[in-house]
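So the structure is just underneath, and the comments pick up after that.
2 protein chains.
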Amino acid sequence: MLEKVDLTKKMSKEEYRTKMERLERELGELQRKCKRLDIPVMIAFEGYPAAGKGAQMGELIHALDPRGFEVHTVKKETEEERMHPFMWRFWTKMPAKGRIALYDTSWYRKVLSEKPEKRAFDSILSFERQITDDGVVLVKLFLAIDKKEQKRRFQKLEKKKESAWRVSDADRKHYEHFEEYEKIYEEMLQQTDTDYAPWHIIESMDRRFATVKIYTIVINALAEGVERATAPQTTGKKREVYIDDSDLRESILNKVDLSLAYGKKEYKTKLKELQSKIQLLHGELYRKRIPVVLAFEGWDAGGKGGAIKRLTEKMDPRGYMVIPTASPNDWEKAHHYLWRFWQAMPKAGHFSIFDRTWYGRVMVERIEGFCTIEEWQRAYKEINDMERDLYDAGAIVLKFWMQIDKDEQERRFKARQENPEKQWKITEEDWRNREKWDQYEAAVNEMLIRTSTPHAPWVVVEGNNKYYARIKTLQTVVKAIEERLRR
Amino acid sequence: MLEKVDLTKKMSKEEYRTKMERLERELGELQRKCKRLDIPVMIAFEGYPAAGKGAQMGELIHALDPRGFEVHTVKKETEEERMHPFMWRFWTKMPAKGRIALYDTSWYRKVLSEKPEKRAFDSILSFERQITDDGVVLVKLFLAIDKKEQKRRFQKLEKKKESAWRVSDADRKHYEHFEEYEKIYEEMLQQTDTDYAPWHIIESMDRRFATVKIYTIVINALAEGVERATAPQTTGKKREVYIDDSDLRESILNKVDLSLAYGKKEYKTKLKELQSKIQLLHGELYRKRIPVVLAFEGWDAGGKGGAIKRLTEKMDPRGYMVIPTASPNDWEKAHHYLWRFWQAMPKAGHFSIFDRTWYGRVMVERIEGFCTIEEWQRAYKEINDMERDLYDAGAIVLKFWMQIDKDEQERRFKARQENPEKQWKITEEDWRNREKWDQYEAAVNEMLIRTSTPHAPWVVVEGNNKYYARIKTLQTVVKAIEERLRR
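Protein sequences, first through last, are from chains L and V.
All the letters of the first sequence, read from the start, carry residue numbers 1218 to 1704 under my numbering.
All the letters of the second sequence, read from the start, carry residue numbers 1218 to 1704 under my numbering.
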């Protein structure tokens, strides 16, 4: 894409002034519209060193209401960031709905600074697809100058004492290997120029020309986003039930042997043994900087809480976090549904233990109609992609489904109601959900099939006997850690 | 995805009979509807050896009108197929609109029989995305049985003389390495289970159960396709012009130096030299089995024909094919727009020279509104993917844009009109297209930027002087071949 571009385009001062007056007004207006319509906007500035990314961001924000935008400068990864999957820092820095985020270099930094491997591009494509599917207006700008101009700009900076420091060794290296870098840039542009997130090359030899072009592209992108958001909704296609295939669909849950049980004594012995094992292994994971993600799902009163409690009881509390997942609050709703989970992903050497998870998308949100059919159908792949990113970053990822039968649930609900200390645990909603047992069961079965992967398997835990369920959970965790440490 | 599936599901004869009666009727009806609505359908049968793919295909076609379907048995690649990119055989075997194609194993064969490399999955994902975007109903079935059952079926076949041959060495190998194959299957399912082309696992221990499930899935997919096709169209969003950025957009064409020229004598000497070079190189390409794809685009009367003629003049006619591209005929329109070009791609060692190309999608189809905005915007990536597949299969891919200016075009048009032998070359349409010069110029510039790639570069040929244009074309071809042969 770079090859064919004429970098030397220019604009006169006069033309620039006339155009900018109008463009600044339009951009300000559009920012207000996007805010009103809850449209999140992300603008990524990439390009050659000394192409003027900083200066152009400065120009762009002239027209913006400072309460509505944020600037992220993407430097070398911090210690914290290095300890997470590489897209983590961007997932956690997504703008809320109605806000504009500008990125001074972006998620492309990774594929530019390192030898780009195929997986990194996959992660990027998946990220951009997910956020644009979710309504983000994404603008990707690539500022280009030629080698001579780069040298001229470096020399100008180096001549003066007060600016000489701004030319880094990396910059000099870039100049020396200009042609090689150009190839890397070209590959990057190629691999990631999509219809949902196209690249815009900005000819940046002349600053005025570049500014006007950037304004124009951003304005057009926002206007398009506004149009999309206000277009008559083709409200999520309602799938008819054509032929009822419910008896043909896979049922994993109803073949689970719920009679499995341990006696109290056996339980206590095993528990003690497993808990000290986990304590030891936890230390080793920490030393080896291996992150662990444990996801707990299951029927209401299925025993998630009890299993998590036994799991963590003897663990060093500085090394794990339990994340209870309730319905999303307003701020969470103002982001992509995976955003809040990305926030909580463990850094290397730590545990994140989720009590309910991102799988809400394909269970409660699916069944209650909190998202469209397209959205939950898309979610299987989105979730698999996320868990793959975690795995690729070295994490152990395990997912537990705590299975009990309907009678057992009723027993537990009633027991809770009768116990004054546990009454808070049971609500009207629990009884309502119970009525949709069959719908949930079908959704869970589909979820288990579509998202059980070698790198992030589902473990169905036979839960009618709590002792058995807890021991199986702990055993599974221990086994997974031991296998990982042997690798 | 396989791990959680209960393969042992069964269905009684009675239930089977009752269900099938209704299912066969429904499927027949839906086939007729799909025909009427011009919906193409592709059904891929994958799965373990002896899982019953053949038998199940036999069951499925019971209900189908034989004039409306075709069965493709995907065996080991033929000599012809091995000499093309691996997706070529499937691109060329796409069903026309309104027809159903069944595949006894499919494009997944490649990733199963060989060590799956990342690029092969990319090609598959791109293929499935493109055809479903284009309205194909795609059903992917995976028939699974367990190891014991596989052995039982093999033994049963082997016991009888007349069926023993049906168990191949490859089958036996599959049985021996059952668990390893399972991992490969799992990876394949993982990588390619998408919202636009999901996998369906068919529990195939019990044939009746499997048949009913397959019928049900196919019926539901067709019904969904029918619903989509008849839903009120959200006719391709009409993009408003927000801010006119035409003066900011890249113009490659207007910086071309059209004064470049050769004199007749110089031309003749160079031409002779280049033509004999090509003759020689052609032989070497043939011996090394390297395919060559040359695409010619340019203004009407830009000199495409003349350049192609000089290029091929001395070449062995058995080793190249010139493909003139007119507007698609009805049969071609009944397929994906890339289909007819895939048909014409060269086998290894041969040249395909296209006089006008698949780039019509982003030029004439874009400007005349023959496709939607979404369609031509998607096309850049689709085209880049196709050319990448060709390149990955070892091809040299070069694209020429024959550039002349508006005055030169007028001169040539008039000359043609005045020359009785060339009058046929000029039509009213040519004059009409000329009126849209500026629109075409903008489209061409965008095309050159978005689809010029290192593996399939665009070469803009300065064409006002025909001698110069032809020599440059030949020189570029020679240089590209020489470079490739040195690799």
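We treat Cβ as the ideally placed atom computed from N, Cα and C, and that holds for glycine.
- M1562(L) sits away from R1425(L), with the two beta carbons spaced by 7 Å or more.
- Counting along the chain, the unbroken alpha helix (DSSP H) around F1426(L) starts and ends at R1424 to T1447.
- Residue L1439(L) holds the alpha-carbon nearest to the alpha-carbon of P1257(L) among A1268(L), T1409(L) and L1439(L).
- For K1270(V), the enclosing alpha helix (DSSP H) starts and ends at K1270 to I1278.
- Between E1467(L) and chain V, the shortest Cβ-Cβ separation is below 7 Å.
- Secondary structure at P1541(V): strand, using DSSP grouped into helix, strand and coil.
- Residue-level contact by beta carbon holds for L1665(V) and chain L, with a gap shorter than 7 Å.
- In the three-state reduction of the DSSP assignment, F1359(L) falls in the strand class, which pools E and B.
- The alpha-carbon of K1378(V) is positioned some 11 Å away from that of V1384(V).
- Non-local beta-carbon contacts of I1278(V) in its own chain, meaning distances under 8 Å to residues more than five positions away in sequence, involve F1286, V1288 and L1319 in chain order.
- In the DSSP annotation of this structure, A1318(L) is not part of any alpha helix (DSSP H); the continuous beta strand (DSSP E) holding it starts and ends at I1317 to D1321.
- Residue-level contact by beta carbon fails for Q1492(L) and chain V, as no gap is shorter than 7 Å.
- In the DSSP annotation of this structure, the continuous segment of the alpha helix (DSSP H) that includes L1240(L) starts and ends at K1230 to R1253.
- In the three-state reduction of the DSSP assignment, H1417(L) falls in the strand class, which pools E and B.
- Among the CB atoms of chain V, one or more fall inside 7 Å of the CB of S1669(L).
- Here S1569(L) carries a strand assignment [DSSP, helix/strand/coil].
- For F1395(V), the uninterrupted alpha helix (DSSP H) run begins and ends at F1395 to T1409, by DSSP.
- Burial state of T1428(L) is buried, judged by a 10 Å Cβ sphere holding 16 or more other Cβ atoms.
- The residues F1262, K1270, G1271, M1274, V1288, H1289, T1290 and V1291, in chain order, have a CB closer than 8 Å to that of D1321(L) in the same chain once the five nearest residues on each side in sequence are set aside.
- When 9 Å is used as the limit between beta carbons, E1403(V) is near these residues of chain L: T1670 and P1671, in chain order.
- Contact between L1360(V) and A1268(V) holds, with the beta-carbon distance rounding to 4 Å and staying under 8 Å.
- The C-alpha of K1521(L) is placed about 49 Å away from the C-alpha of N1437(L).
- With respect to chain V, the C-beta atom of N1471(L) has no partner C-beta closer than 7 Å.
- Between A1518(V) and Q1626(V), the CB-CB gap stays under 7 Å.
- V1473(L) has its alpha-carbon roughly 40 Å from the corresponding atom of T1349(L).
- Cβ contact annotation for T1693(V) (same chain, cutoff 6 Å, sequence separation greater than five): V1676, in chain order.
- For W1675(L), the chain V residues whose Cβ falls inside 9 Å of its Cβ are E1220 and K1221, in order along the chain.
- D1462(V) belongs to the set of residues whose beta carbon lies under 7 Å from a beta carbon in chain L.
- Rounded to whole angstroms, the gap between the alpha carbons of N1650(L) and N1601(L) is 26 Å.
- For W1416(L), the CB contacts under 6 Å within the same chain, skipping 5 residues up- and downstream, are K1357, F1359, L1406 and D1410 in chain order.
- By the 16-neighbour rule on beta-carbons within 10 angstroms, L1240(V) is buried.
- Taken atom to atom, the span from the alpha-carbon of K1642(V) to that of T1433(L) is near 42 Å.
- The beta carbon of K1598(V) falls within 7 Å of a beta carbon belonging to chain L, placing the residue at that interface.
- Excluding residues up to 5 positions away in sequence, L1475, I1621 and E1625 lie with their Cβ nearer than 6 Å to the Cβ of N1681(L) in the same chain.
- The beta carbons of E1514(V) and Y1576(V) sit about 5 Å from each other, so the pair counts as a contact at 8 Å.
- Boundaries of the beta strand (DSSP E) harbouring V1677(V): W1675 to E1679, taken from the DSSP string.
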